[in-house]
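Count along the sequence shown from 1, then add 98; that gives the number in the numbering used here.
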Amino acid sequence: MVGDGIVRDGIRPGDLVVVTGAGGGFGRAFCRRFARDGARVAVWDIDAALGEEAAREARAEGGEARFFKADLAHPAEIDLAVKATRDAYGTPYCVINNASIFPRASVLDMQPEVWEHTLKVNVTAPWLIVRAFGPGMIANKRGVVINIASGRALEGAVSGASYACSKAAILSLTKTLALEWAKHNIRVNAIIPGVSLTAQPLANTTPEELIERGRTTIPLGRLGYPDDMAGLAAYLASADAAYMTGQGVAMNGGRVLVPQ
Numbered sequence: 099m100v101g102d103g104i105v106r107d108g109i110r111p112g113d114l115v116v117v118t119g120a121g122g123g124f125g126r127a128f129c130r131r132f133a134r135d136g137a138r139v140a141v142w143d144i145d146a147a148l149g150e151e152a153a154r155e156a157r158a159e160g161g162e163a164r165f166f167k168a169d170l171a172h173p174a175e176i177d178l179a180v181k182a183t184r185d186a187y188g189t190p191y192c193v194i195n196n197a198s199i200f201p202r203a204s205v206l207d208m209q210p211e212v213w214e215h216t217l218k219v220n221v222t223a224p225w226l227i228v229r230a231f232g233p234g235m236i237a238n239k240r241g242v243v244i245n246i247a248s249g250r251a252l253e254g255a256v257s258g259a260s261y262a263c264s265k266a267a268i269l270s271l272t273k274t275l276a277l278e279w280a281k282h283n284i285r286v287n288a289i290i291p292g293v294s295l296t297a298q299p300l301a302n303t304t305p306e307e308l309i310e311r312g313r314t315t316i317p318l319g320r321l322g323y324p325d326d327m328a329g330l331a332a333y334l335a336s337a338d339a340a341y342m343t344g345q346g347v348a349m350n351g352g353r354v355l356v357p358q
């Protein structure tokens, strides 16, 4: 507490963190970091094997974690995962909307059903999730939402229009939700990762080539790693970020995201 009498709220041991897409690189890192910091973690993923493994990794860090299966393209499955999470743990302090898909096709070649599926997973699902958990967070008068965007939202993506557009929408949702929920002491920010050693960029290259690209094209001389993003997420959920909302925070090793 400082001179204005306002308490700077942040995540506390035992608070619940919901992580979607928790079986992937970023998702696992988020789960491990928050478990290590004393949070309980609801591990959401469409793949049961990956999700259970992520939960085991989180528990190995000394925290409590449980897997919840959900295909985010289907609202009914989101509803079931929300109910199961609430029944097990109650209302989350932090929701990390991390899950997304990146189908590759040019604007002319992309099929409408692929476009629609991308928007369902990448945009509609985060909206449905915060809409479902929001009333409980508002009642608690505390909480944090962290949306995972992408540099593609700012610079576009060749053969990835649906992904780039969805991530631009996530930035807009972040700002709008921050404006609406600030009065409830709920902060909403987005992480904009740069090129990182995760499955998405490895879809069309090798780890060695990706690492070399980071060495030669990124000012800090390396790629991003999931633990880098997890550290930023931990900061955004902490009391140190209590005056921060509505922001898209780029973590990219100094790479300029907007073309000159």
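Where a beta carbon is used, it is the ideal one built from N, C-alpha and C, also for glycine.
| Does the beta carbon of Ala280 sit closer than 9 Å to a beta carbon anywhere in chain D? | Reference to chain D is not applicable here, since this structure consists of a single protein chain.
| Is it the case that the Cβ atoms of Glu159 and Arg130 are separated by a distance below 9 Å? | For the purposes of this step, residue 159 is taken as residue 61 along the sequence shown, with counting starting at 1. For the purposes of this step, residue 130 is taken as residue 32 along the sequence shown, with counting starting at 1. Yes, these two residues count as a Cβ contact at 9 Å.
| said: Using 9 Å as the threshold, is the C-beta distance between Pro173 and Gly234 below it? | reply: Start at 1 with the first residue of the sequence shown, and residue 173 comes out as number 75. Start at 1 with the first residue of the sequence shown, and residue 234 comes out as number 136. No. Outside cutoff.
| query | What are the start and end residues of the beta strand (DSSP E) that includes Asp113? | reply | Looking up residue 113 in the sequence shown gives position 15. That residue, Asp113, is in no beta strand (DSSP E); it is neither H nor E in DSSP.
| task | Could you pull the start and end residues of the beta strand (DSSP E) that Val347 belongs to? | result | In the sequence shown, the residue the question calls residue 347 occupies position 249. It spans Gly346 to Met349 - the beta strand (DSSP E) in which Val347 sits, taken as one unbroken run.
| request: Can you give me the Cβ contacts of Ser336 inside the same chain, cut-off strictly under 7 Å, excluding the 5 residues immediately before and after it? | output: Working through the sequence shown from its first residue, we reach residue 336 at position 238. Gly108 and Ile109.
| request: Assign Lys167 to one of three DSSP states: helix, strand, or coil. | output: Taking the sequence shown and counting its residues from 1, one reaches residue 167 at position 69. Reduced to three states, the DSSP call for Lys167 is strand.
| request: Sort Gly101, Ser257 and Ala266 by Cα distance to Leu217 and report the nearest one. | output: Taking the sequence shown and counting its residues from 1, the one referred to as residue 217 is at position 119. It is Ala266 whose Cα lies nearest to the Cα of Leu217.
| Endpoints, alpha helix (DSSP H) assigned at Ile236 | Translated into positions along the sequence shown, residue 236 becomes position 138. From DSSP, the alpha helix (DSSP H) with Ile236 extends over Ala223 to Asn238.
| field | Those residues which DSSP pairs with Asp143 across a bridge | value | As a first step, residue 143 must be located in the sequence shown, where it is residue number 45. DSSP lists Lys167 as partners of Asp143.
| request: Measure the C-alpha to C-alpha separation of Lys167 and Pro224 and round it to an integer number of angstroms. | output: Taking the sequence shown and counting its residues from 1, the one referred to as residue 167 is at position 69. Taking the sequence shown and counting its residues from 1, the one referred to as residue 224 is at position 126. Cα to Cα, the separation comes out at about 16 Å.
| field | Cutoff 6 Å; reference Gly98; Cβ partners in own chain excluding five residues on either side | value | Since the first residue of the chain shown is 99 and the last is 358, residue 98 is not available in this structure.
| Where Gly312 falls: helix, strand or coil (DSSP) | Counting from one through the sequence shown, the residue named residue 312 turns up at place 214. In the structure shown, Gly312 sits in a helix (DSSP, three-state: H, G or I).
| request: Specify the secondary structure class of Asn196 as computed by DSSP and reduced to three states. | output: Position 98 of the sequence shown, counted from the first residue, corresponds to residue 196. Correct three-state label for Asn196: coil.
| Limits of the unbroken beta strand (DSSP E) element including Pro291 | Counting from one through the sequence shown, the residue named residue 291 turns up at place 193. Annotation for Pro291: the continuous beta strand (DSSP E) segment containing it runs Ile284 to Pro291.
| request: Would you identify the three-state DSSP class for Gly161, choosing helix, strand or coil? | output: Within the sequence shown, the letter at position 63 stands for residue 161. The three-state reading of DSSP puts Gly161 in coil, since its state is none of H, G, I, E or B.
| field | Of the listed residues Arg285, Ala247, Ile199 and Met349, nearest to Asp268 (C-alpha basis) | value | Position 170 of the sequence shown, counting from 1, holds the residue named residue 268. Here residue 268 is Ile; the residue named in the question, Asp, does not match the sequence. Nearest option by C-alpha distance: Ala247.
| query | What do you get for Thr274, buried or exposed, if any count of 16 or more other CB atoms within 10 angstroms of its CB means buried? | reply | Indexing the sequence shown from 1 puts residue 274 at position 176. By the Cβ neighbour-count rule, Thr274 is exposed, with fewer than 16 other Cβ atoms within 10 Å of its own.
| request: Report the option in Tyr261, Val221, Ala152 and Arg134 whose CA atom is closest to the CA atom of Met208. | output: Start at 1 with the first residue of the sequence shown, and residue 208 comes out as number 110. Of the listed residues, the one whose Cα sits closest to Met208 is Tyr261.
| To which residues of the same chain is Asp143 closer than 6 Å at the C-beta, ignoring the five residues directly before and after it? | For the purposes of this step, residue 143 is identified with residue 45 of the sequence shown, where counting begins at 1. Excluding positions up to five away in sequence, the list reads Ala120, Gly121 and Gly149.
| field | Span separating the alpha-carbon of Gly101 from that of Arg285 | value | The residue labelled residue 101 in the question sits at position 3 within the sequence shown. The residue labelled residue 285 in the question sits at position 187 within the sequence shown. Each residue's alpha carbon lies about 22 Å from the other.
| query | Terminal residues of the continuous alpha helix (DSSP H) containing Val180? | reply | By 1-based counting over the sequence shown, the position of residue 180 is 82. Run containing Val180: Pro173 to Tyr187, per the alpha helix (DSSP H) assignment.
| Within this structure, are the beta carbons of Val243 and Thr222 separated by less than 9 Å? | Counted from its first residue, the sequence shown places residue 243 at position 145. Counted from its first residue, the sequence shown places residue 222 at position 124. No.
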